[in-house]
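Participant:
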Ligand SMILES: C[S@@+](CC[C@H](N)C(=O)[O-])C[C@H]1O[C@@H](n2cnc3c(N)ncnc32)[C@H](O)[C@@H]1O
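Residue numbers (our numbering): -10 to 548.
Right, dumping it as structure tokens:
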């Protein structure tokens, strides 16, 4: 049986102290088949109390949790699934309510002038030819561009802008010399106010078109605190250049070409300095870059993580199999940066471009720390952490405000990752119960609870769709549910299970307005929720991404 917190009633029986860490299966029987059509999730063990699980060579190999369940994180400046080049750039527009099948008025390779109305989710400009939608890459709202049609489908066409005939968007000088060749930024030359406005409009459009929620008044979008230097994690690829090995990001729209960088505006001077020092080391050692197409060579990727509020940095070098020549020299080069506390080496023996691999510690501490809203969080090489620390604090603060906690509530933190949201809410709640698919993330959540002496939070490895009933049996019904699902949103079964909980308050932290809108439609239409508040927040200036925090309530409005 669980220990009850002193003074807590039966319903609010406190979670076991995380410090005990014992693995105890919950009472409810666990289904044999693990993984279903809803999530496509690979086999996972039953819901269990968080504990440290040793996997591979490193005790805590975490998958970055931005990817869809079961999908490993891909290398790139941002997870590949959310870069417009790779994602379906038309999600917001691609619902039957939005795109109508009609005879295409354009043909492939045709060149024509198009006026761009708006920005689609994913970053392409939207033009309309008598109602037929054309998504135009590298075109900004308000522009008239000469474009070439690259693809014609029954419901829409795709094109690329060749020339801006009449600029309409409020343009600014892009500060980065690598823009627009580099795949990292899409809108450096669009004035920030217009970027924010376009993102807010995408959220409102998605809620209206996909969610059918036409009268939602969004709260003013929260602008990014910094337009540049905001990322706390960057993943670079090695490449060959005439001057020797280079390090950078994929060229825009190219999986097979990497652009050597002089300076990236999304990281700090420290981040740029570390990358350049590693480049110099690699050139000095004469080590060849890995060629993704030919699948030969040695140096593959470099991951640099920074605790922005702690001033600590962690570095992971990823190579193909083979001894690491010059490991001591690498450590020496990196130790010149006093912020570097942890240097790892990982071997990728597959063709896949991944960095979330087991690591060997070459020097220093196994992990660094980051501080978020006054709590400390361990950052291991593969642990998920929101990649913009300052805006992560904004997002969590907003989630806390929407949760409206008084200290009496049972809170579920669903899709809890390493426990960051739940732990920041725990001080204002009676109990917090987190569920997360990745056992490694749960191990981190437990460690983070211990680190911050949070005793009223418990974390479980499990699948939200499958294991929510089991959690409810143990924790009692929730007063507040917080969900922070991957980009794919809440799967059909998950949204039904969550709706059936009938929590008076449901806070939805979303990184994809189109899936938020689909889920909102069901929560409102099928489960009687009201979308009471919603606020976009810009975590990633110059990219197509937008986060939204939404509050769904049952009963009378609480405003
Ligand atoms: C966007 S992350 C959120 C992490 C965390 N809330 C944070 O702010 O750092 C989504 C998380 O959902 C997890 N996840 C994906 N599918 C899941 C499922 N079916 N059940 C439980 N967790 C899942 C992923 O592993 C990932 O950690």
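C-beta atoms are modelled at their ideal positions from N, C-alpha and C, and glycine is treated no differently.
Remember, predicted model here, so these are calculated numbers, not experimental data.
Between the segment 234 to 252 and the segment 272 to 286, do at least 3 Cβ pairs fall closer than 8 Å?
Facilitator: Yes, since at least three Cβ pairs between the segment 234 to 252 and the segment 272 to 286 fall closer than 8 Å, the two stretches touch.
Participant: Under the criterion of a Cβ to heavy atom distance below 8 Å, does residue 344 qualify as lining ligand 1?
Facilitator: Here residue 344 refers to the residue found at position 355 of the chain shown. No - ligand 1 has no heavy atom lying nearer than 8 Å to the Cβ of residue 344.
Participant: Is the closest heavy atom of ligand 1 to the C-beta of residue 124 under 8 Å?
Facilitator: Position 135 of the chain shown, counting from 1, holds the residue named residue 124. No, since every heavy atom of ligand 1 falls outside the 8 Å radius drawn around the Cβ of residue 124.
Participant: For residue 460, tell me which candidate among 486, 133, 262 has the shortest Cα-Cα distance.
Facilitator: Mapped onto the chain shown, residue 460 falls at position 471. Considering only alpha carbons, the answer is 486.
Participant: Between residue 446 and residue 334, what straight-line distance do the alpha-carbon atoms span, to the nearest angstrom?
Facilitator: Counting from 1 along the chain shown, the entry for residue 446 is found at position 457. Counting from 1 along the chain shown, the entry for residue 334 is found at position 345. C-alpha separation (whole angstroms): 33 Å.
Participant: So residue 405 and residue 448 are supposed to be a Cβ contact under 8 Å. How far apart are they, rounded?
Facilitator: Position 416 of the chain shown, counting from 1, holds the residue named residue 405. Position 459 of the chain shown, counting from 1, holds the residue named residue 448. Yes, they are in contact, since the Cβ atoms of residue 405 and residue 448 sit about 6 Å apart, within 8 Å.
Participant: Name the residue from 156, 157, 135, 143 whose alpha carbon lies nearest to the alpha carbon of residue 149.
Facilitator: Locating residue 149 in the chain shown gives position 160, where the first residue counts as 1. For residue 149, the nearest C-alpha among the options comes from 135.
Participant: So, with DSSP's three-state summary, where would you put residue 487?
Facilitator: Here residue 487 refers to the residue found at position 498 when the chain shown is read from its first residue. It is helical.
Participant: How about the segment 466 to 476 and the segment 492 to 500: do they share at least three Cβ pairs that are nearer than 8 Å?
Facilitator: Result yes; three or more Cβ-Cβ pairs closer than 8 Å.
Participant: Would you report the Cα separation of residue 304 and residue 340, rounded to the nearest angstrom?
Facilitator: Stepping through the chain shown from its first residue, residue 304 is reached at position 315. Stepping through the chain shown from its first residue, residue 340 is reached at position 351. If you take the alpha carbons of residue 304 and residue 340, they lie about 22 Å apart.
Participant: Any heavy atom of ligand 1 closer than 8 Å to the Cβ of residue 407?
Facilitator: On the chain shown, position 418 is the one that residue 407 refers to. True, at least one ligand heavy atom lies under 8 Å from that Cβ.
Participant: For the beta strand (DSSP E) that contains residue 455, what are its first and last residues?
Facilitator: Within the chain shown, the letter at position 466 stands for residue 455. Here residue 455 belongs to no beta strand (DSSP E); instead the alpha helix (DSSP H) covers 453 to 464.
Participant: Measuring CB atoms only, is the segment 384 to 394 touching the segment 407 to 425, in the sense that at least three cross pairs come out at less than 8 Å?
Facilitator: With the cut-off at 8 Å, the segment 384 to 394 and the segment 407 to 425 touch.
Participant: What residue does the beta strand (DSSP E) around residue 352 start on, and which one ends it?
Facilitator: Locating residue 352 in the chain shown gives position 363, counting from the first residue. Residues 348 to 353.
Participant: Under 8 Å from any heavy atom of ligand 1, does the C-beta of residue 451 make it?
Facilitator: If you number the chain shown from 1, residue 451 lands on position 462. Because some heavy atom of ligand 1 lies under 8 Å away, the Cβ of residue 451 counts as near it: yes.
Participant: Cβ of residue 422 within 9 Å of Cβ of residue 399?
Facilitator: Walking along the chain shown from the start, residue 422 turns up at place 433. Walking along the chain shown from the start, residue 399 turns up at place 410. For residue 422 and residue 399, yes; Cβs fall inside 9 Å.
Participant: Given the structure, does residue 610 come close to ligand 1, in the sense that its CB is under 8 Å from one of the ligand's heavy atoms?
Facilitator: Outside the displayed span of the chain (-10 to 548) sits residue 610, for which this structure offers no information.
Participant: Are there 16 or more other CB atoms within 10 angstroms of the CB of residue 327, so buried, or fewer, so exposed?
Facilitator: Locating residue 327 in the chain shown gives position 338, where the first residue counts as 1. Classification for residue 327: exposed.
Participant: In its own chain, which residues sit with a C-beta less than 6 Å from the C-beta of residue 357, not counting the 5 before and 5 after it?
Facilitator: Looking up residue 357 in the chain shown gives position 368. Excluding sequence neighbours, residue 357 sits near 296, 301, 303, 330, 331, 368.
Participant: Is residue 375 near ligand 1, judged by its Cβ being under 8 Å from some heavy atom?
Facilitator: Your numbering for residue 375 matches position 386 in the chain shown. Yes, since a heavy atom of ligand 1 falls inside the 8 Å radius drawn around the Cβ of residue 375.
Participant: Measuring only from the beta carbon, is residue 391 closer than 8 Å to any heavy atom that is part of ligand 1?
Facilitator: Along the chain shown, one-based indexing puts residue 391 at 402. The answer is no for residue 391.
Participant: Can the beta-carbon of residue 94 be found less than 9 Å from the beta-carbon of residue 108?
Facilitator: To locate residue 94, count along the chain shown from 1; it is residue 105. To locate residue 108, count along the chain shown from 1; it is residue 119. No, they are not a contact pair.
Participant: Between the alpha carbons of residue 524 and residue 154, how many angstroms are there, rounded?
Facilitator: Stepping through the chain shown from its first residue, residue 524 is reached at position 535. Stepping through the chain shown from its first residue, residue 154 is reached at position 165. If you take the alpha carbons of residue 524 and residue 154, they lie about 35 Å apart.
Participant: Taking 8 Å as the cut-off, is the C-beta of residue 106 nearer than that to any heavy atom in ligand 1?
Facilitator: By one-based count along the chain shown, residue 106 stands at place 117. Answer for residue 106: no, Cβ out of range of ligand 1.
Participant: Within 10 Å of its beta-carbon, does residue 119 have 16 or more other beta-carbons around it, so buried, or fewer, so exposed?
Facilitator: Position 130 of the chain shown, counted from the first residue, corresponds to residue 119. Result: exposed.
Participant: Taking the runs of the alpha helix (DSSP H) that are 4 residues or longer, which of them lie wholly in the segment 266 to 324?
Facilitator: Qualifying alpha helix (DSSP H) stretches, in chain order: 316 to 324.
Participant: In this structure, how does DSSP classify residue 530 when only helix, strand and coil are distinguished?
Facilitator: Along the chain shown, read from residue 1 onward, the residue named residue 530 stands at position 541. The answer is coil: DSSP assigns residue 530 none of H, G, I, E or B.
Participant: Thinking just about the alpha-carbon of each residue, which of 375, 379, 366, 285 is nearest to the one in residue 338?
Facilitator: Within the chain shown, numbered from 1, the residue matching residue 338 stands at position 349. Considering only alpha carbons, the answer is 285.
Participant: Could you check whether the Cβ of residue 628 sits closer than 8 Å to any heavy atom belonging to ligand 1?
Facilitator: The structure shown has nothing for residue 628, since the chain only spans -10 to 548.
Participant: At the level of alpha carbons, what is the spacing between residue 97 and residue 124?
Facilitator: If you number the chain shown from 1, residue 97 lands on position 108. If you number the chain shown from 1, residue 124 lands on position 135. The straight-line gap from Cα to Cα measures roughly 13 Å.
Participant: For residue 252, does the three-state DSSP call read helix, strand or coil?
Facilitator: Start at 1 with the first residue of the chain shown, and residue 252 comes out as number 263. DSSP places residue 252 in coil when its eight states are reduced to three.
Participant: Please indicate yes or no: does the CB of residue 473 lie closer than 8 Å to some heavy atom of ligand 1?
Facilitator: On the chain shown, residue 473 is found 484 positions in, with the first residue counted as 1. Under cutoff, so the answer is yes.
Participant: Roughly how many whole angstroms lie between the Cα atoms of residue 491 and residue 431?
Facilitator: For the purposes of this step, residue 491 is taken as residue 502 along the chain shown, with counting starting at 1. For the purposes of this step, residue 431 is taken as residue 442 along the chain shown, with counting starting at 1. In a straight line, the C-alpha of residue 491 is about 25 Å away from that of residue 431.
Participant: Please name the residue in 506, 458, 152 whose C-alpha comes closest to that of residue 478.
Facilitator: In the chain shown, the residue the question calls residue 478 occupies position 489. With distances taken between Cα atoms, residue 478 lies closest to 506.
Participant: On a CA-only basis, which of 403, 363, 133 is nearest residue 116? Give me that one, please.
Facilitator: Sequence index remark: in the chain shown, residue 116 carries index 127 (1-based). When each option's Cα is compared against that of residue 116, the closest is 133.
Participant: Residues in the same chain with beta-carbon distance under 7 Å from residue 364, minus the five sequence neighbours each way, listed in chain order, please.
Facilitator: Taking the first residue of the chain shown as 1, we reach residue 364 at position 375. Same-chain partners within the cutoff: 412, 413, 441.
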